[in-house]
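These protein sequence lines are chains F and H, in that order.
The first sequence begins at 98 in the numbering used here and counts up one residue at a time.
The second sequence begins at 64 in the numbering used here and counts up one residue at a time.
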Amino acid sequence: NAGVTQTPKFQVLKTGQSMTLQCAQDMNHEYMSWYRQDPGMGLRLIHYSVGAGITDQGEVPNGYNVSRSTTEDFPLRLLSAAPSQTSVYFCASSYHAGPETSGYTFGSGTRLTVV
Amino acid sequence: LAKTTQPISMDSYEGQEVNITCSHNNIATNDYITWYQQFPSQGPRFIIQGYKTKVTNEVASLFIPADRKSSTLSLPRVSLSDTAVYYCLVGDMGGTGGFKTIFGAGTRLFVKA
């Protein structure tokens, strides 16, 4: 049981490049989400999904796209990377999509640097 | 959105009980209160969740008064390994009827020997 797996762990991009951050969970969780965490800051919600085929925007969605074609996978796409997107990205999942949960399981993060 | 307010940082010594209070004046009827712990270079880890009164597990206790406008995370007899950032979250229903989790800045707890 791997939990939430994020790849890659580290990535350096040039301004204007695009890439996809991968997130996969093997716990049959309905709910999945993406956060970014800047140095010394809390986590900010980018996008989330309450099930396959359903996504919605979080606090800071601009510059990012998501899709949820399967229960297991929730990739995050950076359309045209900018230095302001330099951050650590965390993917999380939960069995329940409602307010009462057993807690979100987080991946180990992807550290992205845009130069 | 229910917004939370926590102290930015706290210091403690090993063996002491630590209480971290979170203010959430705009909490909604259906909202639950959840606390997470985050170590450097790791994702947050679920600690405890509650709706009202008191909840206790093997790691911590959560105290919620009747008006639910605040909550207190209690860590008994902390050790050096409890040095981390602690986040208080309050649930919110997103546009598609889902659950939008909003993290605040958290409280940095530093445990000294």
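Beta carbons: idealized from backbone N, C-alpha and C, even for Gly.
These figures come from a predicted structure and were not determined experimentally.
Inter-residue CB distance, residue i and residue j (contact presumed, cutoff 8 Å)
i               : j               : result
T152 of chain F : R133 of chain F : Not a contact, Cβ separation roughly 16 Å.
T67 of chain H  : L152 of chain H : 7 Å
T104 of chain F : R174 of chain F : T104 of chain F to R174 of chain F, Cβ: 14 Å. No contact.
V163 of chain F : W131 of chain F : 7 Å
Proximity of residue i and residue j at Cβ, strictly below 8 Å
i               : j               : result
H126 of chain F : S184 of chain F : no
S72 of chain H  : T170 of chain H : yes
Y192 of chain F : M129 of chain F : no
V141 of chain H : Q79 of chain H  : yes
Alpha-carbon spacing of residue i relative to residue j, whole angstroms
i               : j               : result
A90 of chain F  : T167 of chain F : Since the displayed chain F opens at 98 and closes at 212, residue 90 of chain F lies outside it and no answer follows.
P139 of chain H : S124 of chain H : 8 Å
V118 of chain H : V211 of chain F : 43 Å
Y186 of chain F : R141 of chain F : 10 Å
F107 of chain F : R208 of chain F : 5 Å
D170 of chain F : R108 of chain H : 21 Å
A149 of chain F : V101 of chain F : 16 Å
R131 of chain H : F102 of chain H : 28 Å
Y114 of chain H : Q114 of chain F : 45 Å
W98 of chain H  : A168 of chain H : 13 Å
P158 of chain F : D135 of chain F : 15 Å
S75 of chain H  : A176 of chain H : 9 Å
8 Å Cβ shell around residue i - same chain, five flanking residues per side excluded
i               : result
P70 of chain H  : I83, T84 and T170
K111 of chain F : A178, V211 and V212
Q112 of chain H : Y95, I96, T97, W98, V118 and L125
Same chain only: Cβ atoms within 7 Å of residue i, ignoring 5 sequence neighbours per side
i               : result
Q154 of chain F : H144
G106 of chain H : none
Neighbour flag for residue i against chain A, beta carbons, 8 Å
i               : result
M138 of chain F : Of the protein chains in the structure, F and H, none is chain A.
Spatial neighbours of residue i in its chain, beta-carbon cut-off 6 Å, leaving aside the 5 residues before and after
i               : result
Y201 of chain F : A189 and S191
With 9 Å as the C-beta to C-beta threshold (strictly closer), list the residues of the region 151-185 of chain F near chain H in chain order.
Near chain H, meaning a CB-to-CB distance below 9 Å, the residues of the region 151-185 of chain F are I151, T152, D153, Q154, G155, E156 and V185.
Going along the chain, which residues of the region 111-138 of chain H sit with their C-beta nearer than 9 Å to a C-beta in chain F?
So the list reads I111, Q112 and Y114, given in the order they occur along the chain.
Relative to chain H, which residues along the region 103-132 of chain F have a C-beta separation below 8 Å, given in chain order?
Identification of residues in the region 103-132 of chain F having a C-beta nearer than 8 Å to some C-beta of chain H yields Y128, S130 and Y132, given in sequence order.
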